[in-house]
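J.:
Chains as they are written, first to last, in our numbering: chain F, 1 to 214; chain G, 215 to 428.
Spelled out as structure tokens, the structure:
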């Protein structure tokens, strides 16, 4: 499958390498293609590096892996036309590190970054997911507790959420994906981050997640 | 043990009955003692109903089980002097139902209700806990997933947190209690509520919790 990834930080690199490793044709979009030269070589040429627009044009599915502060600008640079009608997997979190660690959120409570992105790109089918775990867990959930833990999807388009749920299972082996509802439910998963960062501070490892138990 | 409970809603009644059932001497403080007559009779007289001040005076340990909107006022009515030097277990959440369900939070992000309560009652030893689960799970964690799920404690007083952790285990059978750090970590557990309410909307049962998996 042709997959575009907007953003070349740890999340973009980890997912890009994992998807290229599965045989997908990946273009990672970045502001500074030079910094990813070594990374692209390691994928054996299956992943290319380009601009945000290149990644958006290339992808049948596009993944927003930018940091929250830069997400809307990066997606504008990618271009609404190139993202039109596409499933846009949004992993960003509105983390504000301006006062150090732990971060607060620069959007929360009565809005979410997922909603802002859906509103700014109304012709795209935004599915918020993967934002509640670290990059290593996103790409390899089996590393944590035998995969017995939960991921959430939020979005207005039921077919898009269903497709993404299937992709999360086939791409990375996610076993438990909970559809929380429309894109406003992204408030719930983004506001979980202040608990996540404190669990991270406590556990001192990024490889953890929560399992919903009944 | 002599336990005072400030607040007579579902949480106060559930915990009060459970603790009285274990043989503790419980006073539930309420604005309207009349409404709890039937409830108190069911405890076989082991739980009494009184004013907020009665509950605070009575308790060696005091539990704030009021709804978040009324917590500070109820604790002021209970009286700082009566709460002095005591462990104050804070279960409240800053839920704002003014726009219906799901609620938003009226304090969040760079502050928490737990911090506000600790600041307003500096001579009390506030331990924020139990606020991430429904009343039925608070009092009987074994009902959910064989008790294999997590509760959090947040507070500035290490000895108070340690004591409360022991009480949660002996009172209700909690197996996993994670000390997240000082009272500012209450931001994390209170901001988890927007995810909790959406999980509740999805699962349609209050008897669930999250287990931290590594």
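Every residue gets a Cβ at the ideal spot worked out from N, C-alpha and C, and that includes glycine.
Does chain G have any CB closer than 8 Å to the CB of residue 172 of chain F?
T.: Not an interface residue.
J.: Along chain F, which residues have their Cβ under 7 Å away from the Cβ of residue 318 of chain G?
T.: Within 7 Å Cβ-Cβ: 109 and 110.
J.: Sort out for me which residues DSSP pairs residue 342 of chain G with in a bridge.
T.: Paired residue(s): G:304 and G:368.
J.: Return the chain-ordered list of same chain residues with a C-beta closer than 6 Å to the C-beta of residue 253 of chain G, the five sequence neighbours on each side being excluded.
T.: Contacts found: 227.
J.: Should residue 76 of chain F go down as buried or exposed, given a rule of 16 or more other Cβ atoms within 10 Å for buried?
T.: Under this definition residue 76 of chain F is an exposed residue.
J.: Compute the distance between the beta-carbons of residue 210 of chain F and residue 426 of chain G, then report whether it is under 8 Å.
T.: Going by C-beta atoms, residue 210 of chain F is nearer than 8 Å to residue 426 of chain G.
J.: If contacts are defined as beta-carbon pairs under 8 Å, then residue 369 of chain G and residue 341 of chain G qualify, I think. What distance do you get, rounded to the angstrom?
T.: Right, their Cβ atoms sit about 4 Å apart.
J.: Tell me which same chain residues have a C-beta within less than 6 Å of the C-beta of residue 130 of chain F, skipping the five on either side of it?
T.: 91 and 138.
J.: State the start and end residues of the unbroken beta strand (DSSP E) segment that holds residue 180 of chain F.
T.: First-last of the beta strand (DSSP E) with residue 180 of chain F: 176 to 181.
J.: Report yes or no: do the segment 301 to 321 of chain G and the segment 386 to 406 of chain G share at least 3 C-beta pairs separated by less than 8 Å?
T.: Verdict: yes, contact present.
J.: Measure the Cβ-Cβ separation of residue 331 of chain G and residue 277 of chain G and say whether it is below 8 Å.
T.: Result no, Cβ atoms of residue 331 of chain G and residue 277 of chain G do not sit closer than 8 Å.
J.: Closer than 7 Å by beta-carbon distance: list the chain F residues that pair up with residue 349 of chain G, in chain order.
T.: Here the premise fails: no neighbours, minimum Cβ distance about 16 Å.
J.: Can you confirm whether the segment 98 to 108 of chain F touches the segment 156 to 169 of chain F when touching is taken to mean that 3 or more C-beta pairs between the two stretches lie within less than 8 Å?
T.: As far as the Cβ criterion goes, the segment 156 to 169 of chain F does not touch the segment 98 to 108 of chain F, which means the pair count is below three.
J.: Can the beta-carbon of residue 16 of chain F be found closer than 8 Å to that of residue 5 of chain F?
T.: Yes, these two residues count as a Cβ contact at 8 Å.
J.: DSSP on residue 25 of chain F, reduced to helix/strand/coil?
T.: If DSSP states are grouped into helix, strand and coil, residue 25 of chain F belongs with the strands.
J.: Please list the residues of the segment 409 to 421 of chain G that have a C-beta atom closer than 9 Å to any C-beta atom in chain F, keeping them in chain order.
T.: So the list reads 409, 410, 411, 412, 413, 415, 416, 417, 419 and 421, given in the order they occur along the chain.
J.: At a Cβ threshold of 8 Å, is residue 379 of chain G touching chain F?
T.: Output row for residue 379 of chain G: interface = no.
J.: Return the CA-CA distance between residue 140 of chain F and residue 9 of chain F, expressed in angstroms with no decimal places.
T.: If you take the alpha carbons of residue 140 of chain F and residue 9 of chain F, they lie about 17 Å apart.
J.: Under a Cβ-count criterion, where at least 16 other Cβ atoms within 10 Å of its own Cβ denotes burial, should residue 428 of chain G be classed as buried or exposed?
T.: With fewer than 16 other Cβ atoms within 10 Å, it is exposed.
J.: Should residue 362 of chain G be flagged as near chain F, meaning a C-beta pair shorter than 8 Å?
T.: Chain F contact via Cβ: present.
J.: So does residue 253 of chain G have its beta carbon nearer than 7 Å to some heavy atom of the ligand NAP?
T.: No copy of the ligand NAP occurs in the structure displayed, which carries no ligand at all.
J.: In chain order, what residues of the same chain lie with their CB nearer than 7 Å to the CB of residue 78 of chain F, ignoring the 5 residues before and after it?
T.: Counting only Cβ-Cβ distances below 7 Å, and skipping sequence neighbours, we find 6, 29, 52, 53, 55 and 56.
J.: Using a beta-carbon distance below 8 Å, is residue 229 of chain G in contact with chain C?
T.: Looking for chain C here will not work: the only protein chains present are F and G.
J.: Which runs of the alpha helix (DSSP H) at least 4 residues long sit entirely within the segment 235 to 287 of chain G? Give them in chain order.
T.: Whole alpha helix (DSSP H) segments, 4+ residues: 251 to 256 and 266 to 272.
J.: Ignore the nearest five residues each way along the sequence and tell me which others in residue 164 of chain F's own chain have a CB closer than 7 Å to its CB.
T.: Contacts found: 87, 89, 127, 129 and 153.
J.: Give the interface partners of residue 352 of chain G over in chain F, defined as CB-CB distance under 7 Å, in chain order.
T.: Those within 7 Å of residue 352 of chain G in chain F number zero; the least Cβ separation is about 15 Å.
J.: Three-state secondary structure (DSSP) at residue 358 of chain G?
T.: Coil, per DSSP.
J.: Going by CA-CA distance only, name the one from G:361, G:225, G:360 and G:365 that's closest to residue 346 of chain G.
T.: It is G:365 whose Cα lies nearest to the Cα of residue 346 of chain G.
J.: For residue 60 of chain F and residue 1 of chain F, I'd like the C-alpha separation in whole angstroms.
T.: Roughly 7 Å separates the two Cα atoms.
J.: Just the C-alpha distance for residue 44 of chain F and residue 171 of chain F, rounded to the nearest angstrom, thanks.
T.: Roughly 19 Å between the two C-alpha positions.
J.: At 7 Å on the CB atoms, spell out the chain F contacts of residue 394 of chain G, in chain order.
T.: The contacting residues are 198 and 202.
J.: Under a three-way DSSP split, which group does residue 415 of chain G fall into?
T.: Of the three classes helix, strand and coil, the one that applies to residue 415 of chain G here is helix, per DSSP.
J.: Just to confirm before moving on: does the CB-CB distance between residue 257 of chain F and residue 70 of chain F stay below 8 Å?
T.: Residue 257 of chain F is absent from the model: chain F starts at 1 and stops at 214.
J.: What three-state label does DSSP hand residue 108 of chain F in the structure shown?
T.: Residue state, collapsed to three classes: coil.
J.: Whole angstroms are fine: how far does the CA of residue 47 of chain F sit from the CA of residue 37 of chain F?
T.: Computed Cα separation, rounded: 11 Å.
J.: Can you pull the chain F residues whose beta carbon is under 9 Å from the beta carbon of residue 405 of chain G, in chain order?
T.: Result: 105, 108, 109, 191, 192, 193, 194 and 195.
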